[in-house]
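Contents: one structure, followed by commentary.
Residue numbers (the working numbering), protein chains in the order written: chain U, 1 to 192; chain G, 1001 to 1330.
Okay, structure coming up:
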């Protein structure tokens, strides 16, 4: 007699998860160990979000969770239920690319492109965080009211969670600055 | 990763009761450290109790001037908060010096206090480690230890506490509040992290099954002029090789009040009491700052690869206190 090998969906180590991604709600059954990154890529087919280190150290898997950037490799899918997730597939407005995407294209903010979805999601959030007055480790005076421009030094610090192994950093900084409406020139000093 | 069940706590009492009913259960907040260690097989909970939804996400200025920071406040929200930036700038700077923007959006204050060491041997389940497996030995004490402790270590463990946030919390006399099945409790941060001794696996003195609910910073006018400086092996996004949080009160060129704590030099944030004592009543000069640093670092016992940390901390003390004194003179 054939045994029913179907996975037990009422197992305490699996969950029925409802994920709200790029404006659509998806329902899936997943092992509780499934990260948001793996759920996006393997179960929802949203492969724009990339797996780099899988340990929160490279930023390739960056998505927006309730508008805030986060690494999806350390976020359990089951714990992401109830949040609004935006991946690189949801950054553009239909056929109209996001200004950050336009700037990366125009200024060659990449070489191989593997880190680019994470870089773009992160940059979208960086511009928002700066607009909200959030300081960074590059901000000389963190006291309220002493906010500084989103210059090259601030962009490097705020984007430091996104590694690019091709080393396209110079163009990435320019692209983020252009998208933020604060273009930096080729003469901008490199980090000491 | 070991399989686990998952539930969301809707109240603080419910969360601690759930934990008390399962010795293999752990609280999950941001998950930036716990999930990573679960992937490595270092942490093997059989149940995760998600506490992110608990009503512990606020920062409130109390009538007596103390700042109460909820345990599920994210690092990002802590560093961006106007009262933190105004009253304890070193705390905002410390939080901003840690991790990346993505991780700071996820990580919480409670989790930050409970971060595990970044000692490579602790994270490698193939290596002996007394913290991970009591009695198995310490690989770092005779191994690669350039990132390890110079103060307060024991022959059982030389790991450091990785948090930047706890360094200013130590300098500013933070108090940790928690809840257990028997009710609420609190303790000063100075008692929260015990000495390593022969129990490096005992990383805090929190009662078993306790949930951290908030961190309170007593009013400290001196902290309004404070700084955090971190030295690391790359310009950003790395753990400290040495760090300092300091505040200085100066009257007519004489030090009236000093708060100093070191990071990345011990198993806990290292409050530099000897340096503080040496400074009170001393002239606010580089010479006096250097002498105060030496008073603290006299107890340092560097390992084979981390002798550099002694002059590093000495120079951090002199540099940061000099800046604070110059700021006070303006």
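The beta carbon of each residue, even a glycine, is placed where N, CA and C say it ideally should be.
Query raised in the report: Does the region 1150–1166 of chain G come within contact of the region 1092–1109 of chain G, defined as at least 3 CB pairs closer than 8 Å?
Result: yes
Query raised in the report: In or out: residue 50(U) buried (at least 16 other Cβ within 10 Å) or exposed?
Result: buried
Query raised in the report: Can you tell me whether DSSP reads residue 1143(G) as helix, strand or coil?
Result: coil
Query raised in the report: From residue 1179(G) to residue 1256(G), what does the alpha carbon distance come to, in whole angstroms?
Result: 37 Å
Requested in this report: Excluding the 5 residues preceding and the 5 following residue 1295(G) in the sequence, name in chain order all residues of the same chain whose CB lies nearer than 7 Å to its CB.
Outcome: 1274, 1275 and 1278
Requested in this report: Put residue 20(U) into one of helix, strand or coil per three-state DSSP.
Outcome: strand
**Report entry** Cβ-based contacts, 8 Å cut-off: residues of the region 1089–1111 of chain G near chain U
**Finding:** 1089, 1092, 1093, 1096, 1097, 1099, 1100, 1101, 1102, 1103, 1105 and 1106
Query raised in the report: When burial is assigned at 16 or more other CB atoms within 10 Å of the CB, is residue 1280(G) buried or exposed?
Result: exposed
Query raised in the report: Would you say residue 1030(G) and residue 1071(G) are within 8 Å of each other, going by their C-beta atoms?
Result: no
Report task. Could you spell out the range, first to last residue, of the alpha helix (DSSP H) harbouring residue 1276(G)? Result -> 1273–1279
Requested in this report: Measure the C-alpha to C-alpha separation of residue 1315(G) and residue 67(U) and round it to an integer number of angstroms.
Outcome: 41 Å
Query raised in the report: According to DSSP, is residue 1314(G) helix, strand or coil?
Result: helix
Query raised in the report: Just how far apart, CA to CA, sit residue 1156(G) and residue 1177(G)?
Result: 29 Å
Requested in this report: Tell me where the alpha helix (DSSP H) around residue 1188(G) begins and ends.
Outcome: Careful: residue 1188(G) lies outside any alpha helix (DSSP H), inside the beta strand (DSSP E) at 1183–1188.
**Report entry** residue 1117(G) classed as buried or exposed, judged by whether at least 16 other C-beta atoms fall within 10 angstroms
**Finding:** buried
Query raised in the report: Which residues mark the beginning and the end of the beta strand (DSSP E) in which residue 68(U) is found?
Result: 68–71
Query - Under 9 Å by beta carbon: chain G residues contacting residue 55(U) - result: 1036, 1039 and 1040
Query raised in the report: Comparing the C-beta of residue 19(U) with each C-beta of chain G, is any distance below 8 Å?
Result: no
Query raised in the report: Is the beta carbon of residue 1136(G) sitting closer than 8 Å to the one on residue 1121(G)?
Result: no
Query raised in the report: How big is the Cα-Cα spacing for residue 1226(G) and residue 1233(G)?
Result: 24 Å
Query raised in the report: For residue 1175(G) and chain U, any beta-carbon pair shorter than 8 Å?
Result: no
Query raised in the report: Under a CB-based cut-off of 8 Å, is residue 1001(G) close to chain U?
Result: yes
Query raised in the report: With respect to the alpha helix (DSSP H) encompassing residue 1039(G), which residues constitute its N-terminal and C-terminal limits?
Result: 1034–1039
Report task. Verify the CB distance criterion: does residue 161(U) have a CB-CB separation below 8 Å to chain G? Result -> yes
Query - Rounded C-alpha distance that separates residue 1032(G) from residue 86(U) - result: 19 Å
Query raised in the report: So, helix, strand or coil for residue 1178(G), using DSSP?
Result: strand
**Report entry** 8 Å Cβ cutoff, residue 131(U) in contact with chain G
**Finding:** no
Requested in this report: Quick one: which residues of the region 1224–1240 of chain G get their C-beta closer than 7 Å to a C-beta of chain U? List them in chain order.
Outcome: 1235, 1236 and 1237
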